[in-house]
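Visitor: To start, I am sharing the structure in question, which I have written as structure tokens.
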Amino acid sequence: MPGNRQPRVRSGNEPRPAPAMEPEGRGAWAHSRAAFDRLEKLLRCSRCTNILREPVCLGGCEHIFCSNCVSDCIGTGCPVCYTPAWIQDVKINRQLDSMIQLCSKLRNLLHDNKLSGVKACLQRKACEQEEKYEIPEGPQRSRLNKEQLLPKLFDGCYFYFGGAFKHHPKDNLVKLVTAAGGQVLSRKPKPDSDVTQTINTVAYHAKADSDQRFCTQYIIYEDLSNHRPERVRQGKVWMAPSSWFIDCVMSFELLPLDS
240 MPGNRQPRVR SGNEPRPAPA MEPEGRGAWA HSRAAFDRLE KLLRCSRCTN
290 ILREPVCLGG CEHIFCSNCV SDCIGTGCPV CYTPAWIQDV KINRQLDSMI
340 QLCSKLRNLL HDNKLSGVKA CLQRKACEQE EKYEIPEGPQ RSRLNKEQLL
390 PKLFDGCYFY FGGAFKHHPK DNLVKLVTAA GGQVLSRKPK PDSDVTQTIN
440 TVAYHAKADS DQRFCTQYII YEDLSNHRPE RVRQGKVWMA PSSWFIDCVM
490 SFELLPLDS
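Start counting the sequence shown at 240; every next residue gets the next number (our numbering).
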């Protein structure tokens, strides 16, 4: 081209400047954390604004909520845009649920106040002690429980699953009971039965000062289904939603039930 004239570029198509280089070992992790923070904002419940737990789409709109946050909205409307919401429209987003669980593991790697386990191993070129970097609470309690040879989470507990289970398939729940040392009942326990009330077992992982310690038989129903069994809380037989069961597994605790 004649002279030193620069080629004209149409507005909006100007080439972007190359990103500034950051010191090795810091830039990549900083970018990863920033990208992860942006991703987490997309994974928040439209009602409680916390990270989604068991994400549910009401069907008539695109708002996504934690399953517990909209249990009172089914049959009425979306709490954000008021679009009618019926039980048949409720959709469980299983792919999103899997993504959130993966993000929980990534959060531990990218946001640990100390060096993350992976980063520490790479920087020091040696295997680090895993316990220093493990996910706290549920996973940690589970490991310590196993190392100390204590009873499994549902040791001494029996479970009966009543009604249909679509959100958490019944087969998966049964496998969790078995893996956690519990037993599955094929018949619904009768609270007023002498046989039921004289079963001599104690739930090891319930709080010692709670009457739940003596509850050994649970009737589990799915929160989001049409099945609403008659409320039971008598002696050794209690009724509980499937979300409570999953929360117990996630936290490795026999969590209290609302009275």
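Think of the CB as a built atom: it goes at the ideal place given N, C-alpha and C, for glycine as much as any other residue.
What is the DSSP secondary structure of Phe-484, reduced to helix, strand or coil?
Guide: helix
Visitor: Quick one: grab the DSSP three-state call for Arg-333.
Guide: helix
Visitor: Hey, how far is the Cα of Lys-385 from the Cα of Gly-314?
Guide: Between Lys-385 and Gly-314, the C-alpha separation is close to 44 Å.
Visitor: Tell me, please, which residues DSSP counts as bridged to Gln-362.
Guide: None; Gln-362 has no bridge partner.
Visitor: Is any heavy atom of the ligand ADP found at a distance shorter than 7 Å from the C-beta of Pro-408?
Guide: Ligands in the displayed structure: none, and consequently the ligand ADP is not present.
Visitor: Quick one: measure Cβ to Cβ for Glu-293 and Ser-482, integer angstroms, because I've assumed they're closer than 8 Å.
Guide: 7 Å
Visitor: For Cys-287, which option in Ala-273, Gly-298, Val-309, Val-423 has the closest C-alpha, if you only look at C-alpha atoms?
Guide: When Ala-273, Gly-298, Val-309, Val-423 are compared, the shortest CA-CA separation from Cys-287 is found for Val-309.
Visitor: Going by other Cβ atoms of all chains shown within 10 Å of its Cβ, with 16 needed for buried, is Asn-307 buried or exposed?
Guide: buried
Visitor: Answer with buried or exposed for Lys-475, where buried requires no fewer than 16 other C-beta atoms within 10 angstroms of its C-beta.
Guide: Within 10 angstroms of the beta-carbon of Lys-475 lie 16 or more other beta-carbons, which makes it buried.
Visitor: Distance, Cα to Cα, Cys-396 vs Thr-440?
Guide: 8 Å
Visitor: By how many angstroms is the C-alpha of His-444 removed from the C-alpha of Gln-451?
Guide: 10 Å
Visitor: With Val-500 as the anchor, note down where its alpha helix (DSSP H) starts and where it stops.
Guide: One cannot answer for residue 500 here, as it falls past the ends of the chain, which runs 240 to 498.
Visitor: So, with DSSP's three-state summary, where would you put Glu-404?
Guide: Checking the sequence, you will find Phe at residue 404 rather than Glu. Phe-404 falls in the coil class under three-state DSSP.
Visitor: Indicate whether Pro-428 and Gln-473 have their beta-carbon atoms separated by less than 8 Å.
Guide: no
Visitor: Between Asp-328 and Gly-298, is the Cβ-Cβ spacing less than 8 Å?
Guide: yes
Visitor: Please list, in chain order, all residues of the same chain as Pro-495 whose beta carbon is under 8 Å from its beta carbon, the five residues on each side excluded.
Guide: Lys-446, Ser-449, Gln-451
Visitor: Look up Arg-470 in the DSSP assignment and say whether it is helix, strand or coil.
Guide: coil
Visitor: Have a look at Ile-459 and Leu-424 and give me their C-alpha separation to the nearest angstrom.
Guide: 11 Å
Visitor: For His-407, I'd like the list of residues in its chain whose CB is within less than 6 Å of its CB, leaving aside the five on either flank, ordered along the chain.
Guide: Counting only residues of its own chain and dropping the five nearest sequence neighbours on each side, His-407 has a CB closer than 6 Å to the CB of Ser-481.
Visitor: Go through its chain and collect everything with a Cβ distance to His-320's Cβ below 7 Å, but skip five positions before and after it.
Guide: Contrary to the premise, residue 320 reads as Cys rather than His in this sequence. Only Cys-300, His-302 meet the Cβ criterion.
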